[in-house]
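Peer 1: Please find one structure pasted underneath; my questions will follow.
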Amino acid sequence: MKDQILSRRIKLRHLNVLLSVMQWGSMARAADHLSVSQPVVSKTIAELESLLGVALLNRTSQGVEPTIYGSALARRSIALFNDLKTSISELEALADPSTGELRIGTTEPMAAGLVSKIVSELLLTHPRVRLHVVLGDPPMLQERELRDREIDLLIGRLPNDIAADHTQLEVLFWERAFVVAGITHDLTRRRKIKLNDLREESWCLPPPRSFPGSMIGRAFQASGLDLPRTSVSVHSVQMQVALLATGRFITILPETMMHFSAQRLGLKALPVDLPIEPTPVAIVTLKDRDLPPVGKLFIERARTIARLLDKPQGRQAT
């Protein structure tokens with residue numbers, strides 16, 4: 010009975026005001042943002058706290074901070090509003106199948122290769138859809154953006170332990186990695202290179218504790234080598250590519266980025282036997298959430314391109 014009473018009395022307006030106050034850290038600034046008076050904001054928060062029977066905000070001389078109850082409610086409220094936006098997009102898509110909206114989470118290398126290819130082909134056949142791409146590491150994208158419904162799906166090269174009870178994943182193919190240089194680098198003229206020969210080169214690599222950085226570290230360990238001295242440690246493919254263009258640096262990049270973007274970016278894979286096990290490229294979605302229609306179109310296009318890449322499927326991700 011209490012749940013029914015709460016569901017009838019708590020309005021979206023209550024939750025919207027709470028999120029605005031938490032975003033701005035002040036009832037006065039939230040009131041300005043919402044174009045209402047500060048007493049209206051204060052009254053709305055008081056109503057919500059009275060309905061729930063808990064304090065949602067701590068009032069301080071500097072403003073307001075969420076309590077543990079406020080933070081928990083805010084997370085669910087964000088998911089609720091995102092689901093509502095998705096529902097509206099689905100209604101629009103049902104009214105006009107050529108439109109729709111999709112929020113995609115992916116990594117920067119994947120965005121520069123496979124995802125750009127999928128997006129380009131999808132927009133050729135459905136030019137009125139709206140696509141939003143969010144970049145980040147797969148574990149963080151899954152645990153934050155996907156869980157909070159800020160993205161509809163995640164696509165990328167995934168660690169084997171990324172699967173969770175609330176998600177489902179579909180492996181598209183298994184991807185290798187290559188040592189890469191700019192086309193003007195002296196190493197591009199050599200026919201065979203040992204990994205040990207590259208220890209003194211100017212490496213530009215992602216941080217060791219990042220997902221790609223840890224994978225690279227394991228590759229050198231498997232060869233009985235220490236990680237080479239990194240001239241530039243950066244978690245930005247854009248900066249890596251800019252440095253490679255000077256002809257002085259080398260790095261390690263995934264296969265799909267090289268397949269789709271090497272010629273455009275002036276990159277070349279070096280003939281190095283790199284002991285990195287292929288990793289699964291997969292699409293991750295929430296089990297209890299239906300994708301918008303354009304999401305299904307995106308996945309169909311991803312499957313088609315994956316088949317054209319003719320990758321061995323190998324084992325299944327766990």
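Heads up: the sequence shown runs through residues 10 to 327, numbered per this note's numbering. A virtual CB, placed ideally from N, CA and C, is assigned to each residue, including glycine.
Under the rule that 16 or more other beta-carbon atoms within 10 Å means buried, what is L274, buried or exposed?
Peer 2: If you number the sequence shown from 1, residue 274 lands on position 265. Buried is the call here.
Peer 1: Ordered along the chain, which non-local residues of its own chain (more than five positions away) have a Cβ less than 6 Å from that of E101?
Peer 2: Position 92 of the sequence shown, counting from 1, holds the residue named residue 101. These residues qualify, in order along the chain: T108.
Peer 1: Suppose you measure from the CA of I261 to the CA of A186; what does that come to, to the nearest Å?
Peer 2: Counting from 1 along the sequence shown, the entry for residue 261 is found at position 252. Counting from 1 along the sequence shown, the entry for residue 186 is found at position 177. Their backbone Cα atoms lie some 7 Å apart in a straight line.
Peer 1: Which term fits S129, buried or exposed, when burial requires 16 or more other beta carbons within 10 angstroms of its beta carbon?
Peer 2: Counting from one through the sequence shown, the residue named residue 129 turns up at place 120. Per the 10 Å Cβ criterion, exposed.
Peer 1: Which word fits M1, buried or exposed, when buried means at least 16 other C-beta atoms lie within 10 angstroms of its C-beta?
Peer 2: Outside the modelled stretch of the chain, which goes from 10 to 327, sits residue 1, for which no answer is possible.
Peer 1: With DSSP as the reference, identify every bridge partner of K277, one or two as the case may be.
Peer 2: Numbered from its first residue, the sequence shown carries residue 277 at position 268. K277 pairs with A190.
Peer 1: Please go through the same chain and pick out, in chain order, the residues whose beta-carbon is closer than 7 Å to the beta-carbon of E264, but skip the five residues on each side of it.
Peer 2: Against the sequence shown, residue 264 aligns to sequence position 255. Cβ within range, chain order: E184, R185, A186 and F187.
Peer 1: To which residues of the same chain is R139 closer than 6 Å at the C-beta, ignoring the five residues directly before and after it?
Peer 2: Here residue 139 is taken as the residue at index 130 of the sequence shown, counted from 1. Excluding positions up to five away in sequence, the list reads E110.
Peer 1: Can you name, in chain order, every residue of its own chain whose Cβ lies under 8 Å from the Cβ of R158, other than the five neighbours on each side?
Peer 2: If you number the sequence shown from 1, residue 158 lands on position 149. Only I87, A88, N91, D92, T95, L295 and R298 meet the Cβ criterion.
Peer 1: For A64, which residues in the same chain have their Cβ closer than 7 Å to its Cβ, ignoring the five residues on either side in sequence?
Peer 2: Indexing the sequence shown from 1 puts residue 64 at position 55. These residues qualify, in order along the chain: E58, T76 and Y78.
Peer 1: With L132 and V143 assumed to form a contact (beta carbons below 8 Å), what rounded beta-carbon distance in angstroms separates them?
Peer 2: For the purposes of this step, residue 132 is taken as residue 123 along the sequence shown, with counting starting at 1. For the purposes of this step, residue 143 is taken as residue 134 along the sequence shown, with counting starting at 1. The Cβ separation is near 18 Å, so there is no contact.
Peer 1: When we look at the beta-carbon of T327 and count the other beta-carbons within 10 Å, is it buried (16 or more) or exposed?
Peer 2: Along the sequence shown, read from residue 1 onward, the residue named residue 327 stands at position 318. Reliability fails at T327, whose pLDDT of 30 lies under 50, so the model's placement of it is uncertain and the value that follows must be treated cautiously. Its Cβ having fewer than 16 others within 10 Å, T327 is exposed.
Peer 1: Count the other C-beta atoms from every protein chain shown that fall within 10 angstroms of the C-beta of E117, then say buried if there are 16 or more, exposed otherwise.
Peer 2: Taking the first residue of the sequence shown as 1, we reach residue 117 at position 108. Burial call: buried.
Peer 1: Along the chain, where does the beta strand (DSSP E) that runs through Q177 open and close?
Peer 2: The residue you call residue 177 lines up with position 168 of the sequence shown. Per DSSP, Q177 belongs to the beta strand (DSSP E) from T176 to E184.
Peer 1: Relative to the C-alpha of F122, which candidate in F307, H268, R68 and S223 has its C-alpha closest?
Peer 2: In the sequence shown, counting from the first residue as 1, residue 122 sits at position 113. In the sequence on display, residue 122 carries Gly and not Phe. It is H268.
Peer 1: What separation, rounded to the nearest whole angstrom, lies between the Cα atoms of R134 and M266?
Peer 2: For the purposes of this step, residue 134 is taken as the residue at position 125 of the sequence shown. For the purposes of this step, residue 266 is taken as the residue at position 257 of the sequence shown. Looking at the sequence itself, residue 134 is Thr, so the reference to Arg does not match. Cα to Cα, T134 sits roughly 23 Å from M266.
Peer 1: Ordered along the chain, which non-local residues of its own chain (more than five positions away) have a Cβ less than 8 Å from that of D146?
Peer 2: As a first step, residue 146 must be located in the sequence shown, where it is residue number 137. T116, S219 and F220, listed in sequence order.
Peer 1: Quick one, which of E210, G114, V45 and I164 has its alpha-carbon nearest E154's?
Peer 2: Numbered from 1 along the sequence shown, position 145 holds the residue referred to as residue 154. Closest by alpha carbon: G114.
Peer 1: To test your reading of the DSSP string, which unbroken beta strand (DSSP E) runs of 3 or more residues are found completely within the region 218-243?
Peer 2: 239-242
Peer 1: By Cβ distance below 6 Å, which residues in the same chain neighbour P321 in space, the five residues on each side in sequence not counted?
Peer 2: By 1-based counting over the sequence shown, the position of residue 321 is 312. Low confidence applies to P321: its pLDDT is 47, below 50, so where it sits in the model is not reliable enough to give any reading.
Peer 1: How many Å lie between Q325 and S223 at the Cα?
Peer 2: Start at 1 with the first residue of the sequence shown, and residue 325 comes out as number 316. Start at 1 with the first residue of the sequence shown, and residue 223 comes out as number 214. Because the pLDDT of Q325 is 36, which lies under 50, any placement of that residue in the model is unreliable, and the number read from its coordinates should be weighed accordingly. If you take the alpha carbons of Q325 and S223, they lie about 21 Å apart.
Peer 1: When burial is assigned at 16 or more other CB atoms within 10 Å of the CB, is V30 buried or exposed?
Peer 2: Taking the first residue of the sequence shown as 1, we reach residue 30 at position 21. So V30 counts as buried.
Peer 1: Would you decide whether A311 is buried or exposed? Buried here means 16 or more other CB atoms lie within 10 Å of its CB.
Peer 2: Reading the sequence shown from its first residue, position 302 is the one you call residue 311. With 16 or more other Cβ atoms within 10 Å, it is buried.
Peer 1: Please tell me whether I164 and I292 are closer than 8 Å, where the distance is taken between their beta carbons.
Peer 2: Position 155 of the sequence shown, counting from 1, holds the residue named residue 164. Position 283 of the sequence shown, counting from 1, holds the residue named residue 292. Yes. Within cutoff.
Peer 1: Taking L262 as part of the beta strand (DSSP E), name the residues at either end of that continuous run.
Peer 2: By one-based count along the sequence shown, residue 262 stands at place 253. Unbroken beta strand (DSSP E) run through L262: F258 to P263.
Peer 1: Can you tell me whether P215 is buried or exposed? The criterion is at least 16 other CB atoms within 10 Å of its CB, across all chains shown.
Peer 2: On the sequence shown, position 206 is the one that residue 215 refers to. By the 10 Å Cβ count, P215 comes out buried.
Peer 1: To which residues of the same chain is R199 closer than 8 Å at the C-beta, ignoring the five residues directly before and after it?
Peer 2: Counting from 1 along the sequence shown, the entry for residue 199 is found at position 190. Here R199 has L279 and P280 as same chain residues with Cβ atoms under 8 Å from its own Cβ, once five neighbours each way along the sequence are excluded.
Peer 1: To which residues of the same chain is E210 closer than 6 Å at the C-beta, ignoring the five residues directly before and after it?
Peer 2: By 1-based counting over the sequence shown, the position of residue 210 is 201. For E210, where only same-chain residues beyond five positions count, the Cβ hits under 6 Å are I259.
Peer 1: Roughly how far, in whole angstroms, is the beta-carbon of P237 from the beta-carbon of L207, given that I think they are within contact range, below 8 Å?
Peer 2: Here residue 237 corresponds to residue number 228 of the sequence shown, with the count starting at 1. Here residue 207 corresponds to residue number 198 of the sequence shown, with the count starting at 1. Indeed, because the Cβ distance is near 7 Å, the residues count as touching under 8 Å.
Peer 1: Tell whether a beta-carbon distance below 8 Å holds between S240 and C213.
Peer 2: As a working mapping, residue 240 is identified with position 231 in the sequence shown. As a working mapping, residue 213 is identified with position 204 in the sequence shown. Their beta carbons are under 8 Å apart, which means S240 touches C213 by this criterion.
Peer 1: To the nearest angstrom, how far is the alpha carbon of L167 from that of E286?
Peer 2: Working through the sequence shown from its first residue, we reach residue 167 at position 158. Working through the sequence shown from its first residue, we reach residue 286 at position 277. Those two C-alpha atoms are separated by around 12 Å.
Peer 1: Excluding the 5 residues preceding and the 5 following S245 in the sequence, name in chain order all residues of the same chain whose CB lies nearer than 8 Å to its CB.
Peer 2: Counting from 1 along the sequence shown, the entry for residue 245 is found at position 236. The residues are E117.
Peer 1: Residues in the same chain with beta-carbon distance under 7 Å from A83, minus the five sequence neighbours each way, listed in chain order, please.
Peer 2: Looking up residue 83 in the sequence shown gives position 74. Result list for A83: L27, L28, M31 and P75, in chain order.
Peer 1: Enumerate in chain order the residues of its own chain whose CB-to-CB distance from I202 is below 6 Å, with the five nearest sequence positions on each side excluded.
Peer 2: For the purposes of this step, residue 202 is identified with residue 193 of the sequence shown, where counting begins at 1. Here the set comprises L279, P280 and V281.
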